[in-house]
Each structure stands twice: as C-alpha cells, then as structure tokens.
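Asker: Here it is, the structure in full.
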Amino acid sequence: MRSKRRDTIEKYLFFFVFLIPGAALYLIFYYYPNLASLFYSFFRWNPANPNDAPFIGLDNFEKLYQEREILLKVIGNTLFLSVANFVIGMVIALLVSAILSSERLRNARDVKFYRCVMYLPNIIPPVVGAMLWQFIYSPVFGIFTPVLKAMGFTEIAEMGLLGNTLTVKPAIIMFGIWGVIGYYFVIIFSAMTNVPQDYYDAAAIDGAGAVRKFFSITLPLIKGTIQTLFILAVAQLFSSGFIGILVMTGGGPNRSSEVLSLYMYQQSFGMNNFGYGAAVGTVMLIISIVLYNLATRLVERGDENEG
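First residue of the sequence shown? That's 32 in my numbering, and the numbers climb one at a time after it.
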C-alpha cells in the first residue's frame with residue numbers, strides 16, 4: 032500500500048513540476064496584467080512619476096461614464112469591424128476551401144501553390160501589411176484613386192478611402208479580411224480534406240450535386256471547426272486589428288475607425304493618463320468575459336439542440 036501511494040505521489044509530483052513553468056508564465060503574462068490594470072484604475076497614475084499616484088477611487092470610471100458617447104462609439108466600431116471580418120472572411124475561406132478540396136482539384140499539383148498564396152498574408156508582419164495597404168489606399172499613389180475618379184467620386188479619391196468617414200470602415204474591413212482569411216482557410220481546408228470520401232460517393236449515387244454535398248455533408252461535419260474559430264474570434268475581439276488601425280488611420284477620421292483597444296492605448300500612451308487607460312482596459316476585460324461566455328453558451332446550446 033505504501034509503495035502504491037508513494038508511486039501515486041511521485042506521479043502527480045512529476046506532472047506538477049512540469050506544469051509550473053507554464054502556470055508561472057500564465058500568471059505573469061495574463062492574470063498579473065489584468066489585476067494590475069484593475070488596481071491602477073483607482074489611481075491617477077503615471078509611470079514617469081510613480082511616487083505621485085494619488086488614490087482617486089472611482090473617478091476614472093466616472094469620467095468613463097461622462098464620456099460614454101465616445102466609449103459606445105468605439106465599442107460599436109470594434110463590434111462592427113470584428114463581426115464583418117469574421118463573417119466575410121469565413122464565407123470566403125469556406126468557398127475557396129470547398130473549391131480547392133473538391134474531387135477535381137484535391138490532388139492537383141497547383142493546390143499547394145494556392146494554399147501558400149492564401150496563407151501568405153499571415154506571414155507578413157502586421158505593421159508591414161498595414162503600411163502596404165496604406166500605400167494602396169493613398170490618394171496620390173493608390174490603385175483605387177483612378178478608379179474612383181473614373182466613376183465620378185472625385186472628392187473621395189482626393190481624400191483617400193482612409194480619409195472619408197463613409198469609406199474608412201470598408202477599407203479597414205478589406206485589410207482585416209486580407210489578414211485573417213489565410214488563417215481561416217488553412218484550418219477549414221484541413222477539416223474539409225479530412226471528411227471521408229465515402230460520404231460524397233454515397234451522395235453522388237443518390238444524385239446530389241456539389242452544392243447539396245456542401246450543405247448536407249461538408250458543413251455539418253466541419254461545424255465543430257467553425258465553432259472553434261468563432262469562439263477564438265470572440266476571444267480575440269479587442270486585440271485584432273489594433274496595429275493595422277493604429278498605423279493606417281490612428282482611429283480617424285472623427286473616430287470612425289477607432290476601436291476600444293486603440294482608445295485605451297491613446298489615453299495611456301498618448302495622453303499619459305494611465306489610470307484612465309487602465310479603467311478602459313478593465314471595461315474591455317469585463318466585456319470580453321461576458322461575450323466569451325455568451326459565445327460558448329451559444330455553441331453549447333446549439334450542440335444540445337442537435338443532440
């Protein structure tokens with residue numbers, strides 16, 4: 032008995048020792064920043080003068096409420112851009128994956144080349160990609176400028192797509208889709224190629240066409256993959272797109288493209304109001320937790336209804 036107990040203790044101790052580094056990194060880089068953000072949100076804190084950080088209670092959150100119009104606008108921008116990027120990017124990734132994983136092209140030589148081309152944007156650093164798209168949208172050198180002028184949109188062409196409140200969101204969405212479509216494509220394509228060919232052969236015998244096979248066989252069998260990507264997109268809601276928007280527009284014009292993470296960054300590092308920025312970060316964390324829980328419950332409820 033003592034020998035078995037000792038073996039059990041040594042077994043769990045072995046696993047515990049190997050869990051320590053990962054747990055330590057998780058505590059340092061996840062829990063500590065969140066707790067520190069909550070702590071500093073109750074102070075008027077500036078890292079340049081950390082000794083002069085008076086406790087102000089809920090003043091930062093009160094200011095946040097007073098500027099709720101700005102807060103609601105940037106939250107709306109965040110949700111709109113994120114939903115558009117996910118939905119449009121997912122639709123394009125599904126269509127391209129369905130084409131490249133079809134019976135005719137699955138074993139073709141060019142498939143590997145197209146897969147590399149689709150994933151290429153994910154290899155490019157976000158800052159470089161944002162600068163590239165900023166050049167594409169330029170009113171002087173951009174490729175859209177002559178097209179807009181030919182269509183009669185001279186004012187928009189002279190201001191640039193990033194300088195107009197009506198066109199800046201579609202321009203940001205195009206950049207966002209370009210950045211995520213490769214990631215979605217690789218995962219969805221892998222899931223589609225793992226669908227057993229026997230299902231498609233049986234459907235073909237019953238007279239099902241390509242569209243019917245896609246909606247009746249492919250989509251139901253890769254539903255779990257799509258759900259996983261959906262939950263990951265919700266988890267990354269406030270972090271995705273930050274670098275691109277910072278480089279291309281800085282949140283302008285007139286806060287039309289400003290997202291919540293950029294608002295927090297500008298308040299903290301642009302205005303040296305780190306306490307208020309921490310309050311914004313706390314609100315962002317709360318919204319993220321709520322949306323993540325809603326997304327997971329929505330997925331679980333969908334699985335229960337099917338079961």
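Ideal Cβ placement from N, Cα and C applies to all residues, glycine included.
1. Just list the alpha helix (DSSP H) runs in the stretch 239-279, keeping only unbroken ones of 4 residues or longer that don't cross its boundaries, in chain order.
2. Can Phe-206 and Gly-275 be called in contact, C-beta distance under 9 Å?
3. So, do the stretch 229-240 and the stretch 175-185 have three or more beta carbon pairs nearer to each other than 8 Å?
4. For Gln-298, count neighbouring C-beta atoms within 10 Å of its own C-beta (all shown protein chains included) and say buried if the count is 16 or more, exposed if not.
5. Roughly how many whole angstroms lie between the Cα atoms of Phe-60 and Asp-90?
6. Tell me whether the stretch 67-81 and the stretch 311-320 touch, counting them as touching only if at least three CB pairs, one residue from each stretch, are closer than 8 Å.
7. Using the Cα positions of Phe-45 and Tyr-57, report the straight-line distance between them to the nearest angstrom.
8. Just tell me which of Val-242, Thr-249, Tyr-168 has its CA closest to the CA of Ala-222.
9. Is it true that the stretch 233-245 meets the stretch 156-171, where meeting means three or more beta-carbon pairs spaced less than 8 Å apart?
10. Nearest to Gln-97 by alpha carbon, out of Tyr-307, Val-321, Gly-107, Ile-318?
11. Taking its Cβ as the centre, do 16 or more other Cβ atoms sit within 10 Å of Tyr-43, making it buried, or is it exposed?
12. Nearest to Val-217 by alpha carbon, out of Ile-106, Leu-50, Val-127?
13. Quick check on this structure: which residue in Ile-119, Ile-317, Gly-210 has the alpha carbon closest to the alpha carbon of Ala-266?
14. If we count Cβ pairs, one from each stretch, closer than 8 Å, do we get three or more for the stretch 282-299 versus the stretch 102-117?
15. Is the stretch 277-287 touching the stretch 252-260, taking contact as three or more C-beta pairs under 8 Å?
16. For Leu-322 and Pro-64, I'd like the C-alpha separation in whole angstroms.
17. Apart from the five residues on each side of it in sequence, which residues of its chain come closer than 6 Å, Cβ to Cβ, to Met-32?
18. Less than 9 Å separating the beta-carbons of Ile-212 and Pro-152?
19. Which residues does DSSP list as the beta-bridge partners of Phe-74?
20. Taking all protein chains shown into account, do 16 or more other C-beta atoms lie within 10 angstroms of the C-beta of Phe-144, making it buried, or fewer, making it exposed?
21. So what does DSSP say about Ser-132, is it helix, strand or coil?
22. For Phe-245, I'd like the list of residues in its chain whose CB is within less than 6 Å of its CB, leaving aside the five on either flank, ordered along the chain.
23. When DSSP labels each residue in this structure, what does Pro-227 get in the three-state scheme?
24. Let me know the secondary structure DSSP gives Val-171 once reduced to three states.
25. Cutting at 6 Å between CB atoms, please list the residues of its own chain near Asn-195, excluding the five before and the five after it.
26. With distances taken between CB atoms, is the gap from Ser-247 to Asn-116 smaller than 9 Å?
27. Can you grab the Cα-Cα spacing for the pair Phe-269 / Gly-238, in whole Å?
28. Alpha carbon to alpha carbon, how far is Ile-320 from Ile-262? Give it in angstroms, no decimals.
29. Please classify Leu-376: does DSSP put it in a helix, a strand, or coil?
Answerer: Quick answer:
1. 241-244, 254-266, 273-279
2. yes
3. no
4. buried
5. 27 Å
6. yes
7. 19 Å
8. Thr-249
9. no
10. Tyr-307
11. exposed
12. Val-127
13. Ile-317
14. yes
15. no
16. 20 Å
17. The predicted position of Met-32 is uncertain, since its pLDDT is 46 and thus under 50; no value can be drawn from it.
18. yes
19. Phe-86
20. exposed
21. coil
22. Ala-129
23. coil
24. coil
25. Ile-187
26. no
27. 46 Å
28. 12 Å
29. This structure cannot speak to residue 376, because the chain is shown only from 32 to 338.
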